[in-house]
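Beneath this line is the structure, given in C-alpha cells, with notes to follow.
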Amino acid sequence: MTPLESAPATCPGDIVDAHVHLFSVPLFAEYVAAYPDANPRFKRALEERKFGRRNETLPDLDATAMAEWYTRRIHDAGVAKALVVSVIEDSQYTREFIAAARGHVHALTYVDPRGKHAPELLEREMAAGFKGVKLLPVNRSYRLSDPECRPFFKKAAELGAPMIVHYGVTVDPTGDMRYADPTDLSPVARDFPEVTFVIAHFGAGYLHEALRVCYQCKNVCLDSSGTNNWMDFDPHSYTLADVFLRSVTALGPERVLFGTDSGTTAQYRSWIKHQQLRTLEEIGLSEQDRDLIARGNAVRIFGLDG
4 MTPLESAPAT
14 CPGDIVDAHV
24 HLFSVPLFAE
34 YVAAYPDANP
44 RFKRALEERK
54 FGRRNETLPD
64 LDATAMAEWY
74 TRRIHDAGVA
84 KALVVSVIED
94 SQYTREFIAA
104 ARGHVHALTY
114 VDPRGKHAPE
124 LLEREMAAGF
134 KGVKLLPVNR
144 SYRLSDPECR
154 PFFKKAAELG
164 APMIVHYGVT
174 VDPTGDMRYA
184 DPTDLSPVAR
194 DFPEVTFVIA
204 HFGAGYLHEA
214 LRVCYQCKNV
224 CLDSSGTNNW
234 MDFDPHSYTL
244 ADVFLRSVTA
254 LGPERVLFGT
264 DSGTTAQYRS
274 WIKHQQLRTL
284 EEIGLSEQDR
294 DLIARGNAVR
304 IFGLDG
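Positions 4 to 309 (our numbering) are the ones given, in order, by the sequence shown.
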C-alpha cells in the first residue's frame, strides 16, 4: 500500500467535517484487552463484529489501511478533512491511525478528566498528534464541574487543548441524563478561558442551556453534528434553519462548526452535509460566513492545517 501524501492546507470553499467517529474491530479488540470489565457495548461489538443502532458490520482494518480507507471515503464525499472524536482512552490504534492519515483525518483523544493521571495522559496524547479532547459526561456519568477534574483542565489550559463535549440526549443506552445539562460547563469555561469548548450537536436537546453558557463564556462554541433529531421532541417545533439562525445570531458565525457525526459502520452521511450546507445558504449567510462554519472555524480552533 502506497502511503498517503501529506494533506495540503485547506482553502475557502473546502469542507471540513469537525465531528466524525472511528470504529473498527482492532480498535474494540484493543479496548476489551485493556478494559475487560468496561463498556459492554464495545465487548458485544467485538464479539458480533457489528455496532451501531442498526447493528452494522464493523470494518476490520489495521490502522494504516483504515487511514487510507477513511481518507478516500471523505474525499469521495467532497470533504477535504475530518476530525475524529475518540471514545476510547489511551488508544495506540488511534495514534497509528492519525499518523498514517497524514493530516487528511485528525483526531481528538478521549480522556476521563477525573483520573489521577489524566493531566499526564493529555500531555502525552497532544505530543502524539491529537488535536484536543472529546469529553463524554453524559455517557460516562460525571460532571466537568467536579473539583477532581480541575487538574485536568489546568493542564489543558497550559497546553491550549480545545475540547468537544457531548451534553444532551445520547444513543448510548448506558448514558445518564442527570449529566446532560450544559449548564455544568459554566464554571469550567469561566475559570479556564484559555480552553475552547465546543458543545456537540447544538446541545442535543439543550439548545437554550447551551446558548446561555455561550453567552456567558466567549470560549464556548457549538457544533451542528448529527441528524439533530432531538428537534422532534423539542417543544419549540424548531426547524434546522431555526436552530442555525438562532445559534449564528447569538454567537456569531465564528463560533459554530459543521459536522455530520458520521461513523464507520455505514456510509458517510452525505445527506446531512447537503442538508446543512443548503440550510446555511437558505438563511442568507454570506459566502464568507458559510466558509467559517463549514471549514474555517474547525481549522482555526483545532489547528487542522498546522
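We put the beta carbon where it would ideally sit given N, CA and C, even for glycine. These numbers come from a predicted model, not from an experiment.
When DSSP builds the beta bridges, which residues end up paired with residue i?
| i | result |
| --- | --- |
| D20 | A85 |
| L225 | I202, V259 |
| H78 | Answer by DSSP bridge pairing: none, since H78 is not bridged. |
| F100 | DSSP lists no partner for F100. |
| F54 | E59 |
| E8 | In DSSP, E8 forms no bridge with anything. |
| E341 | No statement about residue 341 is possible, as the shown extent of the chain runs from 4 to 309 and does not include it. |
Check for me: the alpha helix (DSSP H) holding residue i runs from which residue to which?
| i | result |
| --- | --- |
| K157 | 153 to 162 |
| P150 | Looking at the DSSP string, P150 is not in any alpha helix (DSSP H), and its letter there is neither H nor E. |
| H211 | 210 to 219 |
| R105 | R105 -> no alpha helix (DSSP H), and no H or E assigned at all. |
| F236 | Counting along the chain, F236 falls outside any alpha helix (DSSP H), and DSSP gives it neither H nor E. |
| V28 | 28 to 37 |
| E123 | 121 to 130 |
| D187 | No alpha helix (DSSP H) contains D187, which DSSP labels as neither H nor E. |
| V174 | No alpha helix (DSSP H) contains V174, which DSSP labels as neither H nor E. |
| F305 | 300 to 305 |
With respect to the beta strand (DSSP E) encompassing residue i, which residues constitute its N-terminal and C-terminal limits?
| i | result |
| --- | --- |
| K137 | 136 to 138 |
| M166 | 166 to 168 |
| H109 | 108 to 113 |
Grab me the residues of residue i's own chain with a C-beta within less than 7 Å of its C-beta, minus the 5 sequence neighbours each way, in chain order.
| i | result |
| --- | --- |
| R146 | P140, Y182, D187 |
| T60 | R52, K53, T268 |
| D179 | V141, S144 |
| D149 | R117 |
| A301 | V19, A21, L86, L260, L307 |
| M129 | L162, A164 |
With a threshold of 16 other CB atoms inside 10 Å of the CB of residue i, please say whether the residue is buried or exposed.
| i | result |
| --- | --- |
| C14 | exposed |
| M166 | buried |
| A203 | buried |
| E284 | exposed |
| F236 | exposed |
| K134 | buried |
| G163 | exposed |
| K119 | exposed |
| H211 | exposed |
| V259 | buried |
| A85 | buried |
| P238 | exposed |
| S289 | exposed |
| R75 | exposed |
Suppose the cutoff is 6 Å on Cβ atoms and the five residues either side in sequence are ignored; what does the same chain contact list for residue i look like?
| i | result |
| --- | --- |
| N222 | A192, P196, T199 |
| F2 | Only positions 4 to 309 of the chain appear in the structure, and residue 2 is not among them; the question remains open. |
| F155 | P116, A121, P122 |
| Y241 | M234 |
| D175 | N142 |
| T67 | A103 |
| E99 | A66 |
| A207 | G171, V172, W233 |
Residues in the same chain with beta-carbon distance under 8 Å from residue i, minus the five sequence neighbours each way, listed in chain order, please.
| i | result |
| --- | --- |
| V82 | I18, V19, D20, Y271, K276 |
| S27 | L61, P62, D63, L64, M69, Y96, T267 |
| R56 | V174 |
| A37 | D93 |
Taking 9 Å as the CB-CB limit, is residue i close to chain C?
| i | result |
| --- | --- |
| K276 | Included in the structure is just one protein chain, with no chain C present. |
Segments of 4+ residues assigned as alpha helix (DSSP H) that fall wholly inside the region 255 to 296: 273 to 285, 290 to 294
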